[in-house]
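Okay, so here's the structure we're looking at.
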Amino acid sequence: MNGPDKNQKFPLANYNRLCFLKNVVKNPNIIVGDYTYYDDFENVANFEKNVKYHFDFIDDKLIIGKFCMIASDVKFIMNGANHLTNALTTYPFAIFGNGWENAMDGKNYPNKGNIIIGNDVWIGYNATIMAGVNIGDGAIIATNSTIIKDVKPYSIVGGNPGKEIKMRFSKDTISKLLNLKWWNWDIEKITKHIQNLTNYNIDQLIELNNVR
């Protein structure tokens, strides 16, 4: 066997609160890689409810890589939440019409871009990720964190606002992991090296990758 079927909604038998997320989301502007899972205390449908202010007319995207782990109540705040900040008031007059509909003529609400989550990222319970943030491969986001700026690959970040706590590995090991990109291997190869992926010896994994 080569692991669970990546096209299953619920890969754990008799348990429907953990899903392979790509098989559950319906919004075409939420793009999810294989084997990324979402675990919810109540219902996996809550994931899309927690992608906030995600309006079709803005066309921003939430992009999540492969083999990510996303805990319950993680929230993504998209660009539809933004108001003018380089004006005398942040109040959104135009949405109410009735003589206010032209308030935004010649102006645009801020758009910080897509939210991009790398591969093998673990996002803890009740974390919040803001619009435009890029979280690097292998990062860990601590419980209850609010992430307002980019997160380095293989860093551990926590707090509000999120700050780097430490790096998971040395610069050399991180460089090797980012070059190896194990998440792009075919599933047979991943299965073959599963013991090596769950230990701490990057050089051994590279050696095995080169010879097998």
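Start counting the sequence shown at -6; every next residue gets the next number (my numbering). Think of the CB as a built atom: it goes at the ideal place given N, C-alpha and C, for glycine as much as any other residue.
Would you mind working out which of the options sits nearest residue i, comparing C-alpha positions?
i	options	result
Asp49	Leu190, Lys19, Tyr31 and Lys59	Lys19
Tyr46	Ala132, Pro4 and Asn107	Asn107
Ala38	Cys12, Ile109, Gly90 and Val25	Cys12
Asn194	Ile140, Phe86, Asp165 and Trp178	Asp165
Val67	Thr191, Leu77, Trp93 and Met123	Met123
Ala132	Phe86, Cys61 and Phe34	Cys61
Asn104	Asn75, Met(-6), Asn0 and Lys185	Asn75
Gly26	Ile116, Asn202 and Asn177	Asn177
Gly151	Ile183, Ile116, Leu173 and Arg10	Ile116
Met160	Asn203, Ile149 and Asn153	Ile149
Asp179	Thr191, Pro4 and Asn202	Asn202
Lys145	Ile110, Asn153, Leu173 and Trp175	Ile110
Output the distance between the C-alpha atoms of residue i and residue j, rounded to the nearest integer angstrom.
i	j	result
Pro(-3)	Ile187	13 Å
Asn36	Gln197	40 Å
Ala135	Gly129	14 Å
Tyr31	Asn91	43 Å
Asn189	Leu171	16 Å
Ile199	Phe86	58 Å
Tyr147	Glu157	11 Å
Thr83	Trp93	14 Å
Phe89	Thr78	19 Å
Ala6	Glu181	22 Å
Asn22	Ser163	35 Å
Lys100	Gly125	20 Å
Got a sec, what are the start and stop residues for the alpha helix (DSSP H) residue i sits in?
i	result
Leu190	Ile187 to Leu190
Glu41	Asn39 to Lys42
Ile167	Lys164 to Leu173
If I follow the unbroken beta strand (DSSP E) through residue i, where does it start and stop?
i	result
Thr121	Thr121 to Met123
Leu11	Leu11 to Phe13
Ile88	Careful: Ile88 lies outside any beta strand (DSSP E) and carries neither H nor E.
Met160	Lys156 to Met160
Asp113	First-last for Asp113: undefined, no H or E at that position.
Asp32	Tyr30 to Asp32
Val25	Ile23 to Val25
Answer yes or no: do residue i and residue j have a C-beta to C-beta separation smaller than 8 Å?
i	j	result
Tyr28	Lys59	yes
Asn72	Asp53	yes
Ile57	Ile24	yes
Ile167	Gly155	no
Leu81	Phe69	no
Phe34	Leu14	no
Asp113	Asn127	no
Asn0	Asn16	yes
Ala120	Asn95	no
Tyr118	Ser65	yes
Just to check, is the beta-carbon of residue i closer than 7 Å to a non-hydrogen atom of the ligand PLP?
i	result
Tyr193	Summarising the ligand content, the structure contains no ligands, and the ligand PLP is consequently not present.
Contact criterion: CB-CB distance below 8 Å. Does residue i meet it with respect to chain D?
i	result
Tyr46	The structure shown has no chain D; it contains just one protein chain.
List in chain order: all unbroken beta strand (DSSP E) runs of 3+ residues lying wholly within the segment 41 to 67. 55 to 57
Segments assigned beta strand (DSSP E), at least 3 residues, entirely inside the segment 117 to 152: 121 to 123 and 148 to 151
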